[in-house]
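Numbering-wise (our numbering), the sequence shown opens with residue 1 and increments by one.
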Amino acid sequence: MNSLVEKYDSALKQTMIQLGASEKLSRARLWAIERVRAEHKKANDKAAEEKEILRAKFEELEGKLMSDRAAKKKLTREKVCLEQANAALEKEKAELQEERDAAVEKLIKERKCLKDSRSQEFTLERVRVQAAMTDKSSRCFDRVRDYFARRNVFEKVKSLYGQASGTRKCLEVIKDGGTEIPQEMIDVFIEREKLHEAEVAKLGVGPLSEDDLTLSPLVLPSRFVNEDFKATLDPYGSNSEDPSVDVTSTPVEQVEALEKTNPEKDSVSVQGSGAKDVNPKDPVEVSDTSSEEREEEDQTKKAPSPTPVEGEKASNETDK
C-alpha cells in the first residue's frame, strides 16, 4: 500500500513537474504566438499601408496613362494633319521650284539677248567712233602728206631756181673776168631763172603749222547719252556745297592758282586737273574742226612766197 502511495506521489510529483514544465512551455509558446501575431499584424498593417500607397500610385499612373493615351491620340491626329500639310507644302514647293526655274531660264535668255544686243550696239558705236576717228585722222594725215608733197616739189623747183641763178652769176663773173662767153648762153639761164622764179612764187609753200599735227576735240552725238539728264548734273560734283571748294572758278584757273602755289608739281597738277575735267559719260570727242577751218583758210589764202633773193641765199647756203 505504501509503495503504491509512494508510486502515486512520485507519479503525481512527476506529473506536477511535467505540468509546470508544460505550463512554462505553453506560456513560452503563447508569448511566441503573441509576438508572431503582433509581428504579423504589424506586417499586415504595413502591407495594407503599402497596398493603399500602391493603389493610389496605380490610380495616379492609370490616370496618367489615360491622359497619355488621349495625348497620343491627339498627337497622332496632329501628326496626320501635319503630314497632309507637309505634303501640300512639298507639292507647292515643287510647283514654285518649277515656276522659279522657268522664270530663271526666261531671265537668262532675256539677259543673253540683252547682252548680245548691248554688245552689238556697243560694237556698232565703237565702229562708228573708229570710223569717225579714222576719217578725221586721215584728213589730217592727208593734209600733212599733201604738204610734204608740195614741199618736195617746191624744194625741187627752188633748187632748179638756185642752180639757174648760180650758173648765171658764175657765167657773168667769168665773162667779167675776160673770158668770152656768148650772151645767148647767159640769156638761156636768165630765162630759166625767171621761169623757176615764177614757179617758186606760184608754189609758195610756207612752214608746217603745229596745229596741223594735232587733233582738236569733236563731240560726236551718241544715242547712249541723255542730254536732258546730263544738263541736270552738277558739273562740280556732290561737294559743291563745301565752302572749301571754289566752284566759281574754272578748272584752268584752279590749275593756274595751284601752279603758282606749288611750282614744283606743275605737271602733276595739270594732269590731275585734266583727268578731273573728263566725264566718263560724255560723248566721244575726236574732232578736227579747227583743222578743217585751217584747211579752208589755206585754200582761200596761200602763205607768202619767198623772194628770189631769199631763195638765192637759201640755195647758196645749200650749195655750201
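Glycine included, C-beta positions come from ideal geometry on N, C-alpha and C.
Every value quoted in this text rests on a predicted model; they were computed, and no experiment measured them.
Q.
For aspartate 146 and leucine 160, what's the separation of their Cα atoms in angstroms?
A. 21 Å
Q) For leucine 233, which three-state DSSP category applies? A) coil
Q: Check whether the Cβ atoms of isoleucine 181 and leucine 171 lie closer than 8 Å to each other.
A: yes
Q: Following the continuous alpha helix (DSSP H) through glutamate 98, name the residue where it begins and the one where it ends.
A: Its alpha helix (DSSP H) spans residues 2 to 176.
Q.
Suppose the cutoff is 8 Å on Cβ atoms and the five residues either side in sequence are ignored; what does the same chain contact list for arginine 150 look like?
A. Leu203 and Val205
(Q) Distance check for lysine 93 and arginine 100, CA to CA, integer angstroms please. (A) 10 Å
(Q) Please state the DSSP three-state secondary structure of valine 200. (A) helix
Q | CB of aspartate 212 within 8 Å of CB of valine 144, strictly | A | yes
Q. Expressed to the nearest angstrom, what Euclidean distance is found between the alpha-carbon atoms of methionine 16 and glutamate 23?
A. 10 Å
Q: For isoleucine 181, name the three-state secondary structure that DSSP assigns.
A: coil
Q. Measuring CA to CA, which of Ala164, Lys175 and Lys169 is closest to glutamate 191?
A. Ala164
Q) By the 10 Å Cβ neighbour count, where 16 or more other Cβ atoms means buried, how is glycine 63 classified, buried or exposed? A) exposed
Q: Could you check what DSSP says for valine 188 in three-state terms: helix, strand or coil?
A: Correct three-state label for valine 188: helix.
Q) Is DSSP giving leucine 339 helix, strand or coil here? A) Since the first residue shown for the chain is 1 and the last is 320, residue 339 is missing from the structure and cannot be characterised.
Q. Of all the options Lys42, Leu25, Phe141 and Leu65, which has the alpha carbon lying nearest to the alpha carbon of leucine 208?
A. Phe141
Q) On the three-state DSSP scale, how would you describe leucine 208? A) In the structure shown, leucine 208 adopts coil according to DSSP, grouped into three states.
(Q) Give me, in chain order, the residues of the same chain whose beta-carbon lies closer than 7 Å to that of aspartate 45; leave out the 5 immediate sequence neighbours on both sides. (A) none
Q. Do phenylalanine 148 and threonine 167 have their CB atoms nearer than 8 Å?
A. no
Q: Please report how far the alpha carbon of threonine 76 lies from the alpha carbon of leucine 61, in whole angstroms.
A: 21 Å
Q. Looking at the C-beta of cysteine 170, does it have a partner C-beta in chain B at a distance below 8 Å?
A. Protein chain content of the structure displayed is limited to a single chain, and chain B is not contained in it.
Q: Taking serine 138 as the reference, give the member of Phe58, Thr214 and Lys156 with the closest Cα.
A: Thr214
**Q.** Residues near aspartate 9 in its chain [Cβ-Cβ closer than 7 Å; skip 5 each side]
**A.** none
Q: Identify whether serine 269 lies in helix, strand or coil by the three-state DSSP scheme.
A: Any reading at serine 269 needs caution, since the residue's pLDDT is 38, under 50, leaving its predicted position unreliable; the model's value is listed next. Three-state DSSP puts serine 269 in a helix.
Q. Which whole-angstrom value is the C-beta distance of valine 157 and glutamate 199, which I expect to be below 8 Å?
A. 5 Å
Q. What's the gap between the Cα of alanine 21 and the Cα of alanine 48?
A. Roughly 39 Å between the two C-alpha positions.
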